[in-house]
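So for the sequence shown, our numbering puts the first residue at 315; every next one is plus one.
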Amino acid sequence: MWLVGEEFKVVPIGVVEVVDDAKGLSWVRILPEFCDGLFRLDEFSHVIVFYWFHLRDDVKERRVLRVVPKRHGAKSEVGVFASRSPSRPNPIGFCVVELVRVDGCVLVVRGLDAFVGSPVIDVKPYLPRGDFVSSARAPAWVNQGPST
């Protein structure tokens, strides 16, 4: 049983290899030992990619608890858990992306907001029935700036 305060290990399953901003495409290479987990993923149009904000993984960035989400035009602070800031206690990022194709152990996706070299820690299918919430609400400032 896991106890609060006890450490645990997250194992990378892949890495972002290519980001082609001109086409909006990215290549995510899944490590060979996890490649079999992609079986039938190509039946989905979209997936959720979970990755590690490796460029923000240091003691200072992990201690950030308040941010000003400038990408969305916010002018006041919010708690880090009320934002998508990469500075957070556990620098986990995620992005819903279009799955263009699966080439062996490589996912070609559209719309990923990770950098080349970002460790990928999980991939899940996007399920419209469970992942879309039509009655969701959010503050007005999140409607400005990029979609993620």
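For each residue, glycine too, the CB sits at the ideal point set by N, CA and C.
Given the structure is predicted, the values throughout are model-derived calculations rather than measurements.
Whole alpha helix (DSSP H) runs in the segment 435-459 with 4 or more residues, listed along the chain?
If you keep only unbroken alpha helix (DSSP H) runs of at least 4 residues inside the segment 435-459, you get 442-445.
* Nearest-angstrom Cα separation, counted from S401 out to R370 -> Numbered from 1 along the sequence shown, position 56 holds the residue referred to as residue 370. Numbered from 1 along the sequence shown, position 87 holds the residue referred to as residue 401. Roughly 6 angstroms separates the two Cα atoms.
Bridge partners of F429, per DSSP?
Position 115 of the sequence shown, counted from the start, is the residue given in the question as residue 429. Looking at the DSSP assignment, F429 forms no beta bridge with any residue, so it has no partner.
(Q) Tell me which residue opens and which closes the alpha helix (DSSP H) that R376 is part of. (A) Position 62 of the sequence shown, counted from the first residue, corresponds to residue 376. Here the alpha helix (DSSP H) through R376 covers 373-376.
request  = State the Cα-Cα distance for the pair I344 and C419, rounded to the nearest angstrom.
outcome  = Against the sequence shown, residue 344 aligns to sequence position 30. Against the sequence shown, residue 419 aligns to sequence position 105. Using only the alpha carbons, I get a separation of about 5 angstroms.
Under 9 angstroms between C-beta atoms of V410 and V332
By one-based count along the sequence shown, residue 410 stands at place 96. By one-based count along the sequence shown, residue 332 stands at place 18. The answer is no: Cβ separation not under 9 angstroms.
Beta-carbon proximity list for V378, same chain, < 8 angstroms, skipping 5 on both sides:
As a working note, residue 378 is residue 64 in the sequence shown. Closer than 8 angstroms at Cβ, skipping near neighbours: V394, S399, S401, R402.
Query raised in the report: Under the three-state reduction of DSSP, which class applies to L339: helix, strand or coil?
Result: As a first step, residue 339 must be located in the sequence shown, where it is residue number 25. Strand at L339.
- Smallest Cα separation from F367: which of G407, E320, P439, D436? By 1-based counting over the sequence shown, the position of residue 367 is 53. Comparing C-alpha distances from F367 to each of G407, E320, P439, D436 shows the shortest one belongs to G407.
Run through DSSP, which three-state label would R370 get? For this step, residue 370 is matched to residue 56 along the sequence shown. Helix at R370.
Can you tell which of G444, K438, F364, L339 has the C-alpha that lies nearest to the C-alpha of V414?
For this step, residue 414 is matched to residue 100 along the sequence shown. That would be L339, whose Cα lies nearest to the Cα of V414.
Query - Rounded Cβ spacing between F348 and I327 (contact assumed at less than 8 angstroms) - result: Taking the first residue of the sequence shown as position 1, residue 348 is located at position 34. Taking the first residue of the sequence shown as position 1, residue 327 is located at position 13. Contact holds; Cβ gap of about 4 angstroms.
* A450 to P442, Cα distance in whole Å? -> In the sequence shown, residue 450 corresponds to position 136, counting from 1. In the sequence shown, residue 442 corresponds to position 128, counting from 1. Answer to the nearest angstrom: the Cα atoms are 14 angstroms apart.
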